[in-house]
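In the working numbering, the protein residues as written are 59 to 382. These notes concern the structure reproduced below.
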């Protein structure tokens with residue numbers, strides 16, 4: 059399965075190094091879509107490693123729990139030292155007591171001139187965020203048109219805060235320093251992938267990160283962000299919608315047509331809200347946070363992401379905080 063995984067990424071097997079980690083990370087976020095398609099189709103799966111690997115190598119993509127679980131196994135199989143960590147994606151920098159909603163990875167023992175300590179935040183499951191792994195070094199880290207800032211986390215448990223670029227779909231992701239195991243994320247995944255209150259169950263999103271920027275599909279709206287600005291396209295026909303899913307995100311399953319009516323309905327609802335806001339002379343809804351993207355990306359952290367992306371920003375307080 060590892061050879062199939064590398065084939066999907068278009069990257070050969072090499073010895074572990076910081077440069078090879080960057081190569082793998084870039085290929086992953088560009089070629090493996092961050093998406094809730096399987097969740098929307100009623101196939102949420104579990105956080106088990108075999109489930110994650112099967113989804114990724116079958117071209118189905120996923121959100122943080124699947125993408126980073128699979129990526130961690132690929133890295134280990136290639137000789138990297140990897141640890142899993144609990145993450146908390148927040149929609150606002152002053153959000154307190156967030157619930158577990160993200161799986162992040164740290165890769166160790168890879169020093170290079172930019173990162174003598176050799177620890178890297180590798181995250182293929184943050185939707186519109188990282189293109190490269192980030193050195194675990196405080197300060198600003200620029201990647202293409204976006205800038206991220208790494209600082210100490212303000213949350214009670216020691217860790218780091220990755221602050222997203224202002225153009226991104228969420229405010230920040232807090233990462234706990236203590237290592238975790240996959241089972242720690244089972245309750246959060248179950249909620250985010252099955253609850254009617256979760257943005258991941260409301261409408262389709264797909265995202266990919268490239269060297270130039272990010273492509274985001276939410277419902278039947280396609281958004282592109284790069285150094286030149288933002289471009290938005292309403293995908294008015296099922297044929298154009300399917301073309302974008304296939305060409306940009308590699309999603310081509312026949313049952314995706316089942317999601318088209320919901321995509322149209324979500325778009326119409328969003329347009330209605332935007333029109334109402336304009337008539338009342340209120341600020342237009344922030345697109346990256348709209349509909350539970352900050353109304354989805356999700357994130358993730360999933361989703362991600364986002365609610366132009368689903369980044370599901372919260373899980374009920376009942377979801378336990380696993381001991382790391």
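Every residue, glycine too, gets a C-beta built ideally from N, C-alpha and C. As the structure is a computational prediction, the values presented were derived from the model and not from experiment.
Rounded straight-line distance, which links the Cα of residue j to that of residue i
i           : j           : result
residue 220 : residue 176 : 18 Å
residue 178 : residue 285 : 25 Å
residue 302 : residue 206 : 28 Å
residue 298 : residue 267 : 21 Å
residue 196 : residue 223 : 15 Å
residue 276 : residue 294 : 13 Å
residue 265 : residue 290 : 14 Å
residue 242 : residue 313 : 31 Å
residue 74  : residue 64  : 14 Å
residue 359 : residue 98  : Its pLDDT being 36, under 50, residue 359 is placed unreliably by the model, and nothing is read from it.
residue 296 : residue 320 : 12 Å
residue 199 : residue 304 : 31 Å
residue 327 : residue 261 : 12 Å
residue 191 : residue 185 : 14 Å
residue 279 : residue 174 : 42 Å
residue 300 : residue 86  : 22 Å
residue 145 : residue 211 : 11 Å
residue 201 : residue 189 : 7 Å
residue 180 : residue 256 : 25 Å
residue 62  : residue 110 : 14 Å
Counterpart residues of residue i in DSSP-defined beta bridges
i           : result
residue 237 : 143
residue 180 : 163
residue 208 : 197 and 220
residue 122 : In the DSSP output, where bridge partners are listed per residue, residue 122 has none listed.
residue 288 : 283
residue 173 : 170
residue 386 : As shown, the chain starts at 59 and ends at 382. That puts residue 386 outside it, with no answer to give.
residue 148 : 230
residue 93  : 264
Terminal residues of the beta strand (DSSP E) in which residue i lies
i           : result
residue 165 : 160-166
residue 295 : Premise fails: residue 295 is in no beta strand (DSSP E) and is neither H nor E.
residue 275 : 271-276
Where the alpha helix (DSSP H) containing residue i begins and where it ends
i           : result
residue 221 : Run containing residue 221: none in the alpha helix (DSSP H); it sits in the beta strand (DSSP E), 217-221.
residue 115 : 107-115
residue 264 : From DSSP, residue 264 is part of no alpha helix (DSSP H) but of the beta strand (DSSP E) over 263-267.
residue 82  : 76-89
residue 65  : 60-67
residue 332 : 318-337
residue 246 : 244-252
Residue i classed as buried or exposed, judged by whether at least 16 other C-beta atoms fall within 10 angstroms
i           : result
residue 130 : buried
residue 232 : buried
residue 84  : buried
residue 96  : buried
residue 108 : exposed
residue 154 : exposed
residue 251 : buried
residue 315 : exposed
residue 209 : exposed
residue 166 : exposed
residue 71  : exposed
residue 171 : exposed
residue 183 : buried
residue 169 : exposed
residue 272 : buried
residue 226 : buried
is_contact[residue i, chain C] using C-beta, thresh 8 Å
i           : result
residue 136 : Included in the structure is just one protein chain, with no chain C present.
beta-carbon residue i near the ligand ZN non-hydrogen atom, thresh 7 Å
i           : result
residue 318 : Looking at this structure, you won't find the ligand ZN or any other ligand, since it has none at all.
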